[in-house]
Amino acid sequence: MRLRLVSLAAILAVVAPAAPVWALSPDSGSITAVAAQPQAAPLQGAPVADLVARVDIPWSRFQLDNGLTVIVHTDRKAPVVAVSVWYNVGSKDEPAGSTGFAHLFEHLMFGGSENSPTSHIQAMSAAGATGLNGTTWFDRTNYFQTVPTPALEQTLFLESDRMGYLLGQVGQEVLDLQRGVVQNEKRQRDNQPYGLSSYAQQEALFPVGHPYRHSTIGSMADLDAASLETVRNWFRDNYGPNNAVLVLSGDIDEATARVLTDRYFGAIPRGPVNVPAAADIPTLAAPVEEVLRDRVAQTRVSRAWVVPGMLDPDAVPLAVGASILGGLESSRLDNALVRGDQSASSVSAGAQAFHRLGFFNYSANVRPGGDVAAVAARMDAVLAELMANGPTQDEIDRVVTQFAARTIQGLEQVNGKASVLAEGQLYAGDPDFYRHELARYAAVTPAQVRDAMQRWLNRPVYSQIVEPGERAAYVEAAATPSGATPVPAAEIQRVARDPMPTIGDVPNLDFPTVQRASLSNGVEIVYARSTTVPVTRVAVEFDAGYAADRADALGVHSMMLTLMSEGTTTRDSNALAEAQERLGASVNVGASMDRTAASLTAVTTNLDPSLVLLSDMVRNPAFAPAEVERLRAQRLAGLANERTQPAAIAARALPPLMYGEASPYGRPFAGTGTPETISALTREDLIAEHAEWVRPDNARIFVVSDLPLSELTPRLERAFGDWRAPSTPRGTKVFPTDIPATTARIVLIDRPQSPQSIIYGGAVLDVSGTDDLLTLQAANTVLGTDFLSRINADLRETKGWSYGVRGSINTLQHRVPYIVNAPVQANRTGESIAALIAQYERFLGPDGVTAAERDRTVNGDTRGLAGGFETSGQILGALRSNALYGRPDNYQETLASRTRALTAADMDAAARATIDPSTFVWVVVGDASVVRPQLDALGLPVEVRPAQ
Numbered sequence: 000m001r002l003r004l005v006s007l008a009a010i011l012a013v014v015a016p017a018a019p020v021w022a023l024s025p026d027s028g029s030i031t032a033v034a035a036q037p038q039a040a041p042l043q044g045a046p047v048a049d050l051v052a053r054v055d056i057p058w059s060r061f062q063l064d065n066g067l068t069v070i071v072h073t074d075r076k077a078p079v080v081a082v083s084v085w086y087n088v089g090s091k092d093e094p095a096g097s098t099g100f101a102h103l104f105e106h107l108m109f110g111g112s113e114n115s116p117t118s119h120i121q122a123m124s125a126a127g128a129t130g131l132n133g134t135t136w137f138d139r140t141n142y143f144q145t146v147p148t149p150a151l152e153q154t155l156f157l158e159s160d161r162m163g164y165l166l167g168q169v170g171q172e173v174l175d176l177q178r179g180v181v182q183n184e185k186r187q188r189d190n191q192p193y194g195l196s197s198y199a200q201q202e203a204l205f206p207v208g209h210p211y212r213h214s215t216i217g218s219m220a221d222l223d224a225a226s227l228e229t230v231r232n233w234f235r236d237n238y239g240p241n242n243a244v245l246v247l248s249g250d251i252d253e254a255t256a257r258v259l260t261d262r263y264f265g266a267i268p269r270g271p272v273n274v275p276a277a278a279d280i281p282t283l284a285a286p287v288e289e290v291l292r293d294r295v296a297q298t299r300v301s302r303a304w305v306v307p308g309m310l311d312p313d314a315v316p317l318a319v320g321a322s323i324l325g326g327l328e329s330s331r332l333d334n335a336l337v338r339g340d341q342s343a344s345s346v347s348a349g350a351q352a353f354h355r356l357g358f359f360n361y362s363a364n365v366r367p368g369g370d371v372a373a374v375a376a377r378m379d380a381v382l383a384e385l386m387a388n389g390p391t392q393d394e395i396d397r398v399v400t401q402f403a404a405r406t407i408q409g410l411e412q413v414n415g416k417a418s419v420l421a422e423g424q425l426y427a428g429d430p431d432f433y434r435h436e437l438a439r440y441a442a443v444t445p446a447q448v449r450d451a452m453q454r455w456l457n458r459p460v461y462s463q464i465v466e467p468g469e470r471a472a473y474v475e476a477a478a479t480p481s482g483a484t485p486v487p488a489a490e491i492q493r494v495a496r497d498p499m500p501t502i503g504d505v506p507n508l509d510f511p512t513v514q515r516a517s518l519s520n521g522v523e524i525v526y527a528r529s530t531t532v533p534v535t536r537v538a539v540e541f542d543a544g545y546a547a548d549r550a551d552a553l554g555v556h557s558m559m560l561t562l563m564s565e566g567t568t569t570r571d572s573n574a575l576a577e578a579q580e581r582l583g584a585s586v587n588v589g590a591s592m593d594r595t596a597a598s599l600t601a602v603t604t605n606l607d608p609s610l611v612l613l614s615d616m617v618r619n620p621a622f623a624p625a626e627v628e629r630l631r632a633q634r635l636a637g638l639a640n641e642r643t644q645p646a647a648i649a650a651r652a653l654p655p656l657m658y659g660e661a662s663p664y665g666r667p668f669a670g671t672g673t674p675e676t677i678s679a680l681t682r683e684d685l686i687a688e689h690a691e692w693v694r695p696d697n698a699r700i701f702v703v704s705d706l707p708l709s710e711l712t713p714r715l716e717r718a719f720g721d722w723r724a725p726s727t728p729r730g731t732k733v734f735p736t737d738i739p740a741t742t743a744r745i746v747l748i749d750r751p752q753s754p755q756s757i758i759y760g761g762a763v764l765d766v767s768g769t770d771d772l773l774t775l776q777a778a779n780t781v782l783g784t785d786f787l788s789r790i791n792a793d794l795r796e797t798k799g800w801s802y803g804v805r806g807s808i809n810t811l812q813h814r815v816p817y818i819v820n821a822p823v824q825a826n827r828t829g830e831s832i833a834a835l836i837a838q839y840e841r842f843l844g845p846d847g848v849t850a851a852e853r854d855r856t857v858n859g860d861t862r863g864l865a866g867g868f869e870t871s872g873q874i875l876g877a878l879r880s881n882a883l884y885g886r887p888d889n890y891q892e893t894l895a896s897r898t899r900a901l902t903a904a905d906m907d908a909a910a911r912a913t914i915d916p917s918t919f920v921w922v923v924v925g926d927a928s929v930v931r932p933q934l935d936a937l938g939l940p941v942e943v944r945p946a947q
């Protein structure tokens with residue numbers, strides 16, 4: 000949901016309303032009827048120009064003789080370097096019959112190369128890479144990782160080897176495997192509610208043959224038809240150095256970059272030049288309306304146009320207009336449909352700008368039982384008014400401030416800066432494109448926004464309605480793909496290279512010094528300094544969490560937290576949203592199972608007014624009756640939506656099966672509750688919940704900032720120092736000492752028409768989050784969490800039945816669960832559970848951690864520490880987790896030495912003493928007509944439940 004924008008007249012109208020409102024006395028926690036207080040004066044932040052001036056990414060650029068463009072950005076804050084390679088080819092460049100090839104090839108690029116036949120992920124994991132991935136979109140394919148400086152040369156060797164010397168490693172077996180993985184990725188996306196709607200939108204907006212008409216994931220039929228030689232030719236045509244941009248960002252300078260890039264990339268020959276496919280901006284001949292049916296809980300109404308791309312002068316005005324329409328938390332659609340007449344439970348709008356063109360969309364999820372036609376008419380009227388009269392300057396200022404603040408925050412990661420520079424170079428030929436775009440945001444006027452919207456949104460529109468019902472038949476992959484038939488292909492002549500460089504010694508992590516202070520009311524401050532960007536992060540944390548809910552009142556805590564963001568005694572929900580936008584700040588109130596927190600991220604320039612806002616939301620929630628009713632309806636709609644989402648269905652079912660319903664952990668970890676509780680709760684329940692848990696004698700404040708603690712403490716004192724606890728008792732949580740034993744069984748939740756099954760499995764371990772779990776976690780890296788883990792290597796990288804499988808130790812404060820998450824193609828559901836059980840039994844029996852697995856895990860975990868604590872957000876998370884689990888302040892600095900001391904025997908012993916697959920309860924969400932026979936063959940008890 001997004002929050003609301005009200006007109007100036009509406010704001011003035013609520014300054015002095017005549018009717019009394021209910022307010023919470025912050026000291027007593029009592030409910031009193033008082034005359035409504037005037038809205039607080041708007042909080043003002045620094046001028047936008049001050050924020051824009053802080054955005055700067057210095058760079059240098061050169062080109063190798065083979066045409067490879069190299070951009071270098073020096074940032075010595077940590078001994079890490081981001082290596083980001085962007086290829087000038089995407090799905091829009093795919094010819095007819097080859098949809099999905101760009102993305103399929105992205106997968107093939109991770110399978111190893113001629114001089115490094117192990118997978119790229121395996122090599123990079125051992126090197127300590129963080130943020131390792133690759134992505135494909137309409138216009139480009141990119142590959143990126145952040146590595147410790149001593150691993151840079153090896154990383155450049157590996158990137159150059161897959162750029163210049165890949166094809167000898169791509170054979171029919173590799174192609175067939177990754178074809179299956181990609182098709183499972185497609186099933187996983189398509190299996191979501193509304194998962195098929197984007198295909199219909201693209202096919203309606205674009206004529207046949209247009210480069211942007213097909214999805215990046217491609218069609219099952221074209222993926223089936225991908226032959227080895229066709230795929231190899233894709234590489235030859237598109238992956239030459241002269242079609243790529245390499246960005247090195249971090250602990251490196253231009254002189255070093257010149258030497259290293261010439262050493263590793265210089266010998267790669269030029270390839271063909273890819274001229275990005277020309278793509279006009281089509282206009283529909285007449286409006287098009289399409290009605291789809293899907294297994295959804297709410298009808299969604301959406302509108303879409305094709306508009307200009309990112310280099311067009313209208314791109315920024317359209318983006319600003321979309322934010323004002325439905326992107327801001329105070330958007331006009333929110334104000335009209337969500338907070339206003341409450342005919343929709345959520346709305347959205349956005350302008351996605353690509354290289355050649357863009358999309359302008361807006362949509363509304365109709366409140367259950369609502370009038371779809373009336374909602375459609377109302378949302379269209381909101382757009383029409385904005386197009387006719389344009390936005391206000393205040394609306395534009397809020398959009399621009401928010402955009403600038405988020406840009407500043409994005410400069411903290413070296414890979415974030417690398418992506419910004421690469422995108423500008425690839426599309427505009429200018430790494431400073433981000434700077435010009437930001438200047439256009441700062442200069443945009445209401446007239447420009449109005450004119451751009453009139454120019455492009457007065458054309459015929461594509462309208463889509465997705466309503467609850469049965470889906471059309473799903474188009475599956477062929478049992479035997481035509482492309483899997485071996486066809487004689489020329490032998491690849493391998494090119495010998497010098498040996499791959501080794502990795503030098505990686506220094507131990509230098510974690511920031513932790514300092515402490517106290518407010519006058521006794522609230523402790525835990526602080527660390529980070530000066531990379533002028534940003535401050537604050538978390539006011541409470542010992543509560545979703546485990547604070549009573550077993551007969553699930554969802555009360557999360558509803559209380561939601562209402563805290565929806566109005567205080569002097570700022571209504573719209574005023575809170577507008578204040579965050581004016582300040583470029585983000586205040587989020589949320590919880591994990593064990594802790595509740597109100598978190599602030601702010602540009603330090605605007606810290607003082609941002610703390611005023613944070614304090615107001617924490618201390619003075621209004622719990623206005625009208626807001627309670629509005630949020631109640633939205634939560635009930637959200638719970639209905641959860642019952643249509645495969646992963647959410649499984650996640651709701653598993654915890655009580657593991658813990659028993661009496662445990663504070665024996666409820667869905669999302670904390671959203673049940674329809675019965677949400678329907679019955681009262682405003683008094685919410686006020687009591689706040690008084691019980693959100694109070695200074697239950698609080699601790701964590702801060703990471705570029706400011707010193709001596710400057711922060713007085714500011715926090717002004718915001719929270721005079722806060723006093725209510726007279727009512729503080730809340731307590733009781734965890735039973737005994738948890739019911741579980742045995743292997745299957746709960747099948749029937750979700751018809753599911754092309755994929757979601758498998759969750761797990762049990763409660765006999766350890767707690769406050770125990771020393773380092774050895775167990777290292778063992779489970781080999782077994783369940785690493786990309787190369789036993790279970791993922793089997794189901795994804797060997798069998799090709801899943802897009803990704805993971806088995807995790809969920810580190811709760813008390814008894815922790817082990818949870819397996821495995822989305823698999825429907826016709827392999829039973830075999831997948833059998834394979835998972837077999838992998839666990841082998842690993843915990845005779846086939847434990849190998850020497851190679853131990854070394855890869857230890858190297859990856861120790862070398863990646865600097866990249867794992869690169870940002871202020873990561874540092875803040877470490878401070879909070881250390882407090883939760885009772886760890887010392889220097890815990891992160893001890894990790895390297897303790898991890899290096901691990902042996903394979905240590906890891907085996909920890910896993911065998913703790914994990915027992917014979918106690919796993921399995922939850923399967925899938926089509927029972929397809930899945931039940933497979934599960935019956937496993938010999939485990941099977942219980943079938945409906946998806947409700």
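If you count by numbering that gives the first Met the number 0, then the sequence shown holds residues 0 to 947, one letter each, in order.
No residue lacks a Cβ here, since even glycine has one placed at the ideal position from N, Cα and C.
Mind checking whether VAL924 and SER807 have CB atoms under 8 Å apart?
Numbered from its first residue, the sequence shown carries residue 924 at position 925. Numbered from its first residue, the sequence shown carries residue 807 at position 808. It is not a contact, given that the beta carbons lie outside the stated cut-off.
Taking the alpha carbon of HIS102 as the reference point, which residue from PRO116, PRO37, ARG178, SER118 has its own alpha carbon closest?
To locate residue 102, count along the sequence shown from 1; it is residue 103. For HIS102, the nearest C-alpha among the options comes from ARG178.
Would you report the Cα separation of GLY229 and GLU93, rounded to the nearest angstrom?
The residue given as residue 229 occupies position 230 in the sequence shown. The residue given as residue 93 occupies position 94 in the sequence shown. Here residue 229 turns out to be Thr, not Gly, going by the sequence shown. Roughly 12 Å separates the two Cα atoms.
Buried or exposed for GLY96, going by 16 or more other Cβ atoms inside 10 Å?
Translated into the one-based positions of the sequence shown, residue 96 becomes position 97. GLY96 is exposed by the Cβ-count criterion.
When you compare only the Cα positions, how much space is there between GLY170 and ASP223?
As a position in the sequence shown, residue 170 is number 171, starting the count at 1. As a position in the sequence shown, residue 223 is number 224, starting the count at 1. Taking the straight line joining both Cα atoms gives about 16 Å.
Determine which residues share a DSSP beta bridge with GLU949 and list them.
Nothing about residue 949 can be read from this structure; the chain reaches only from 0 to 947.
Do three or more CB pairs link the stretch 51 to 68 to the stretch 213 to 221 at distances below 8 Å?
Result no; under three Cβ-Cβ pairs closer than 8 Å.
In whole angstroms, what is the alpha-carbon distance linking SER950 and ASN388?
The chain is shown from 0 up to 947; residue 950 falls before or after that span and cannot be answered.
Roughly how many whole angstroms lie between the Cα atoms of PRO725 and PHE719?
As a working mapping, residue 725 is identified with position 726 in the sequence shown. As a working mapping, residue 719 is identified with position 720 in the sequence shown. The alpha-carbon atoms of PRO725 and PHE719 are separated by roughly 14 Å.
Hey, could you find the ends of the alpha helix (DSSP H) GLY415 is sitting in?
For the purposes of this step, residue 415 is taken as the residue at position 416 of the sequence shown. Segment 413 to 427, the alpha helix (DSSP H) holding GLY415.
Look at the alpha carbon of LEU939 and the alpha carbon of ILE836, and state the distance between them as a whole number of angstroms.
Taking the first residue of the sequence shown as position 1, residue 939 is located at position 940. Taking the first residue of the sequence shown as position 1, residue 836 is located at position 837. Taking the straight line from one Cα to the other gives about 12 Å.
Can the beta-carbon of ASN360 be found less than 8 Å from the beta-carbon of ALA285?
Along the sequence shown, read from residue 1 onward, the residue named residue 360 stands at position 361. Along the sequence shown, read from residue 1 onward, the residue named residue 285 stands at position 286. Contact flag unset, no.
Would you report the Cα separation of VAL319 and ASN573, rounded to the nearest angstrom?
Mapped onto the sequence shown, residue 319 falls at position 320. Mapped onto the sequence shown, residue 573 falls at position 574. Going by the C-alpha atoms only, they are around 19 Å apart.
Could you say if the stretch 242 to 259 and the stretch 512 to 520 meet the contact criterion of at least three C-beta pairs nearer than 8 Å?
Because the criterion of three Cβ pairs below 8 Å is not met, the stretch 242 to 259 and the stretch 512 to 520 do not touch.
Which residues in the same chain have their Cβ closer than 8 Å to the Cβ of PRO25, if we skip the five residues on either side of it in sequence?
In the sequence shown, the residue the question calls residue 25 occupies position 26. Summary for PRO25: the model assigns pLDDT 33, below 50, so the residue's position carries little reliability, and this model does not support an answer.
Would THR898 and ASP860 be called neighbours here (beta carbons separated by less than 8 Å)?
The residue you call residue 898 lines up with position 899 of the sequence shown. The residue you call residue 860 lines up with position 861 of the sequence shown. In contact: THR898 and ASP860 (Cβ atoms closer than 8 Å).
Please determine if the stretch 463 to 481 and the stretch 291 to 300 are in contact, where contact requires at least 3 C-beta pairs separated by less than 8 Å.
In short, these stretches touch, since the Cβ pair count reaches three.
Give me the DSSP bridge partner(s) of TRP85.
The residue you call residue 85 lines up with position 86 of the sequence shown. Answer is ASN141, VAL244.
Here's the rule: buried if 16 or more other CB atoms are within 10 angstroms of the residue's CB, otherwise exposed. What is THR134?
Indexing the sequence shown from 1 puts residue 134 at position 135. So THR134 ends up on the exposed side.
Given a threshold of 16 other Cβ atoms within 10 Å of its Cβ, counted over all protein chains shown, does GLU840 qualify as buried or as exposed?
Residue numbering aside, residue 840 sits at position 841 when the sequence shown is read from its first letter. Answer is exposed; the Cβ neighbour count stays below 16.
Going straight from the alpha carbon of SER418 to that of PHE358, what length do you get?
Against the sequence shown, residue 418 aligns to sequence position 419. Against the sequence shown, residue 358 aligns to sequence position 359. The straight-line gap from Cα to Cα measures roughly 22 Å.
Which parts of the stretch 437 to 488 are runs of the alpha helix (DSSP H), unbroken and 4 residues or longer, counting only runs that do not cross its ends?
Complete alpha helix (DSSP H) runs here, min 4: 445 to 456.
What does DSSP give as the partner residue(s) for LEU883 in the beta ladder?
Taking the first residue of the sequence shown as position 1, residue 883 is located at position 884. None; LEU883 has no bridge partner.
Any idea which residues DSSP pairs TYR433 with across the strands?
By 1-based counting over the sequence shown, the position of residue 433 is 434. TYR433 is not bridged to any residue.
Return the residue from the list SER662, GLU830, PRO485 that minimises the CA-CA distance to VAL815.
Along the sequence shown, one-based indexing puts residue 815 at 816. Measuring from the Cα of VAL815, the nearest candidate turns out to be SER662.
Excluding sequence positions up to five away, which residues of its chain have a Cβ less than 7 Å from the Cβ of MET559?
As a position in the sequence shown, residue 559 is number 560, starting the count at 1. Within the same chain, MET559 has close Cβ partners LEU685, GLU688, HIS689.
Could you pull out every residue in the same chain whose Cβ sits closer than 6 Å to the Cβ of SER342, ignoring the five residues on either side in sequence?
Taking the sequence shown and counting its residues from 1, one reaches residue 342 at position 343. LEU336, ARG366, GLY369, VAL374.
Between the C-alpha atoms of THR870 and TYR884, what's the straight-line distance to the nearest angstrom?
Within the sequence shown, numbered from 1, the residue matching residue 870 stands at position 871. Within the sequence shown, numbered from 1, the residue matching residue 884 stands at position 885. Straight-line Cα distance between these residues: approximately 21 Å.
Is ARG302 helix, strand or coil when you go by DSSP?
Within the sequence shown, the letter at position 303 stands for residue 302. Of the three classes helix, strand and coil, the one that applies to ARG302 here is strand, per DSSP.
How long is the line joining the alpha carbons of ARG581 and LEU811, rounded to whole angstroms?
By one-based count along the sequence shown, residue 581 stands at place 582. By one-based count along the sequence shown, residue 811 stands at place 812. Going from the Cα of ARG581 to the Cα of LEU811 covers about 37 Å.
Just how far apart, CA to CA, sit VAL5 and LEU283?
As a working note, residue 5 is residue 6 in the sequence shown. As a working note, residue 283 is residue 284 in the sequence shown. Any reading at VAL5 needs caution, since the residue's pLDDT is 26, under 50, leaving its predicted position unreliable; the model's value is listed next. VAL5 and LEU283: Cα-Cα distance of roughly 34 Å.
So, are the CB atoms of VAL84 and VAL413 less than 8 Å apart?
What you label residue 84 is simply residue 85 of the sequence shown in a count that begins at 1. What you label residue 413 is simply residue 414 of the sequence shown in a count that begins at 1. Not in contact: VAL84 and VAL413 (Cβ atoms no closer than 8 Å).
So, using beta-carbon positions, are MET657 and GLY589 closer together than 8 Å?
Translated into positions along the sequence shown, residue 657 becomes position 658. Translated into positions along the sequence shown, residue 589 becomes position 590. It is not a contact, given that the beta carbons lie outside the stated cut-off.
Could you check the C-alpha separation between SER159 and TRP136 for me, to the nearest Å?
Looking up residue 159 in the sequence shown gives position 160. Looking up residue 136 in the sequence shown gives position 137. Roughly 22 Å separates the two Cα atoms.
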